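What follows is a set of notes on a single structure, which appears directly below.
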Amino acid sequence: MFKRNINSWLEKWATNPNRKPLVLRGARQVGKTTAVKQFARQYDTFLFLNLEKEEHRKLFEPGPSFSDLLMAIYLINGQTRDNSRTLLFIDEVQNSPQAVAMLRYFYEEAPQMHVIAAGSLLESLMDKNISFPVGRVEYVALRPCAFNEFLDAIAEPQLAACIEKGEVPEILHEKMLGLFNKYTLIGGMPEVVANYAASKDLVALRTVYDTLLTGYRDDTEKYARNNTQRQVLRHILQSGFSYNCERIKYERFGSSDYRSREIGEAFRSLEKTMLLELVWPITGFTPPMISDIKKSPRLMWLDSGLVNYAAGVQKEVFGAIDISNIWRGKVAEQIVGQEMIAGETSVIKTRNFWVREAKNSNAEVDFVMQHNSIIIPIEVKSGANTRLRSLHLFMEKAPHDIAIRVWSQPLKIDDLQTDSGKKFRLISIPFYLAGQITKVIDMYYTPAEVKPPH
């Protein structure tokens with residue numbers, strides 16, 4: 011299996027003298043178990059518990075002291091307790107609320123032991139009034155593979171290094187764009203990427219997608235509180251992919267008869283599992299970015315490969331020269347948004363877009379991101395003659411002079427001005443650098459004095 015970007019984060023965690031037990035968050039099948047087992051190779055002793063197994067869950071049943079628990083963990087792994095560098099990995103921790111509660115004791119009574127807990131539906135525990143030990147654990151998120159990880163997986167490490175630096179020679183543009191389009195089609199789910207890297211057989215991936223989607227449906231329905239919620243969750247997982255990157259309303263979502271409250275509750279449950287995100291608009295121009303939850307959110311799913319398969323647009327993506335031209339631009343929006351967050355280890359990181367909803371003058375910018383002390387607009391549009399009207403309207407009011415377009419052409423920098431004459435710099439970034447936007451900005455933009463918004 012290929013190396014994941016999170017490994018370098020885990021190495022820093024391991025050397026931190028103030029390290030706490032780590033809770034690894036992520037949707038089902040994003041590679042949490044594999045990533046930790048790879049990381050474990052640097053330890054002298056590796057202790058592994060899978061709490062889907064009854065014999066492992068029983069270790070945490072009330073009764074034994076913490077010292078007895080430690081001894082039992084060593085014994086069940088066939089290891090002897092000593093002073094060697096040790097990693098304990100508790101997988102599928104959501105199956106044992108008692109194990110979650112015990113994490114505090116690893117922090118307080120066994121700080122020398124490195125502890126990682128992982129699970130797919132950890133927030134389902136919170137719905138059962140079981141909480142993680144406040145101040146005794148830390149969190150990190152793992153998401154689908156980023157483009158540079160995909161390149162590593164298909165044995166293109168030199169190209170991956172170019173992406174990581176944020177610098178790609180123009181002579182490599184066509185090759186890199188072709189590989190990025192393939193990545194957009196396949197997506198970043200590790201099992202899919204690994205299968206493609208081994209066989210290069212796109213048709214064979216159908217079985218993997220089917221298995222993943224079936225697993226998601228079975229897993230989420232298992233945690234439904236009642237039959238109505240189970241039916242609503244099933245409806246969203248069956249029809250929701252067709253609404254990817256669209257602004258949605260809860261009432262009668264997906265041509266159903268379900269009410270706003272039922273749909274909203276189901277979406278929030280799925281969002282907790284990290285299968286999707288409800289991306290909210292902002293209306294301002296300066297930090298902090300405040301989501302306007304009174305307006306309609308945009309639905310974004312976990313992974314482009316799953317979306318393409320479930321929504322039936324694989325054929326169109328496969329033959330695309332410019333992914334902006336497919337499915338009314340939704341394929342391009344999905345993969346850009348996915349790349350923007352792929353390397354984020356913060357579990358609370360979210361995406362936003364910008365809207366202006368005025369009489370006879372609506373505008374919408376695909377994404378906005380905070381960079382240092384400014385909010386930067388990001389449009390996903392190809393074509394040299396694209397007007398970028400909404401971006402111009404944003405820049406008219408913004409207290410800075412930098413905007414981003416993500417497109418299918420090579421890197422390009424234009425000095426433009428709005429209708430009122432305000433000058434700003436537009437950095438047009440090729441799709442394959444969508445995950446490196448901040449690096450590109452730092453390379454090609456020197457901020458002017460930030461002025462109050464007009």
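Under the numbering used here, think of the first position of the sequence shown as 11, with each following residue one higher.
Each residue gets a CB set at the ideal place from its N, CA and C atoms; glycine is no exception.
All figures in this text were calculated on a predicted structure; none of them were measured in a lab.
Which one of the options has the shortest CA to CA distance from residue i?
i      : options                           : result
TYR149 : TRP290, HIS410 and VAL125         : VAL125
GLU174 : LEU443, PRO457, ASP452 and TYR455 : LEU443
VAL144 : GLU102, MET112, SER130 and ILE273 : MET112
GLN419 : LYS232, GLU261, LEU182 and LYS432 : LEU182
VAL289 : LYS359, LEU421, TYR193 and LEU223 : LYS359
TRP337 : ASP162, PHE251 and TYR53          : PHE251
HIS245 : ILE258, TYR233 and ASP267         : ASP267
ASP78  : ALA120, ASN372, VAL203 and ILE439 : ALA120
ARG361 : PHE116, LEU309 and LYS47          : LEU309
ALA156 : SER94, MET350 and ALA82           : MET350
PHE263 : ASN205, MET405 and PRO307         : PRO307
ASN191 : VAL33, ALA127 and VAL327          : VAL327
PRO457 : THR221, ILE439 and PHE434         : PHE434
LEU98  : LYS47, SER75, GLN168 and TYR193   : LYS47
LYS30  : GLY431, ALA127, ARG51 and LYS369  : ALA127
HIS402 : ALA204, LEU426 and LYS185         : LEU426
PHE295 : LYS185, HIS410 and LYS210         : HIS410
PHE58  : PHE76, ALA82 and GLN39            : ALA82
Which same chain residues, not among the five before or five after residue i, have their C-beta less than 8 Å away from its C-beta?
i      : result
ASP313 : PRO154, GLY197, GLY198, MET199 and GLN348
ASN60  : HIS66, ASP101 and GLU102
ILE106 : One detail in the question is off: residue 106 reads as Ser in this sequence, not Ile. The residues are LEU61, ARG67 and PHE70.
ASP429 : HIS402 and GLU406
Can you find the residues in the same chain that come closer than 6 Å, C-beta to C-beta, to residue i, ignoring five residues on each side of it along the sequence?
i      : result
VAL390 : ALA342, GLU343, VAL346, ASP376 and VAL416
LEU286 : LEU280 and TRP311
HIS464 : Reliability of the predicted coordinates at HIS464 is poor, the pLDDT of 48 falling under 50, and the value obtained from them is presented with this limitation in mind. LYS407, listed in sequence order.
ASP424 : LEU436
TYR319 : TYR219
SER392 : ASP332, SER334, TRP417 and SER418
ASN17  : PHE49
LEU247 : ARG227
ALA163 : PHE12, VAL203 and ALA207
VAL323 : TRP337
Taking Cβ positions, are residue i and residue j nearer each other than 9 Å?
i      : j      : result
GLY315 : TYR219 : yes
THR96  : PHE56  : yes
ALA207 : ALA171 : no
ILE292 : PHE363 : yes
GLU118 : ASN15  : no
GLN104 : GLY73  : no
SER400 : ALA368 : no
THR194 : PHE441 : yes
Looking at the strands, I want to know which residues DSSP matches up with residue i.
i      : result
LYS433 : GLN427
MET310 : GLU287
ARG35  : ALA151
GLU201 : Answer by DSSP bridge pairing: none, since GLU201 is not bridged.
ASN362 : TRP290 and VAL378
VAL327 : Its beta-bridge partners do not exist; DSSP assigns none.
THR296 : DSSP lists no partner for THR296.
TRP417 : PRO440
ALA373 : ARG366
By how many angstroms is the C-alpha of residue j removed from the C-alpha of residue i?
i      : j      : result
LYS13  : THR355 : 16 Å
ALA37  : THR230 : 11 Å
MET101 : ILE388 : Checking the sequence, you will find Asp at residue 101 rather than Met. C-alpha separation (whole angstroms): 38 Å.
LEU135 : GLY41  : Because LEU135 carries a pLDDT of 45, less than 50, the predicted location of this residue cannot be relied on, and no value is offered for it.
TYR260 : GLY339 : 23 Å
GLU62  : ALA413 : 48 Å
ASN26  : PHE49  : 16 Å
ALA276 : THR238 : 10 Å
ASN236 : THR44  : 33 Å
ILE258 : SER270 : 11 Å
LEU161 : MET453 : 23 Å
ILE300 : ALA151 : 22 Å
ALA214 : LEU223 : 15 Å
ALA109 : PHE116 : 11 Å
SER371 : LEU398 : 14 Å
THR90  : LEU243 : 46 Å
MET405 : PRO179 : 30 Å
ARG35  : VAL357 : 7 Å
THR221 : VAL202 : 11 Å
GLU21  : SER249 : 40 Å
MET284 : ARG278 : 10 Å
Closer than 7 Å by C-beta to residue i: which residues in its own chain qualify, once you throw out the five before and the five after it? Chain order, please.
i      : result
HIS381 : THR448 and ILE451
PRO297 : GLN380, SER383 and ILE385
VAL317 : PHE251, ASN254, TRP311 and GLN344
GLN446 : ILE173 and GLY176
SER94  : ASP54 and THR55
LEU187 : SER418, PRO440, PHE441 and TYR442
ASP302 : TRP290, PRO291, ILE292 and THR293
ARG2   : For residue 2 there is no data in the structure shown, the boundaries of the chain being 11 and 464.
So, is the C-beta of residue i closer than 9 Å to a C-beta in chain B?
i     : result
PHE76 : In the structure shown, chain B does not exist; there is a single protein chain.
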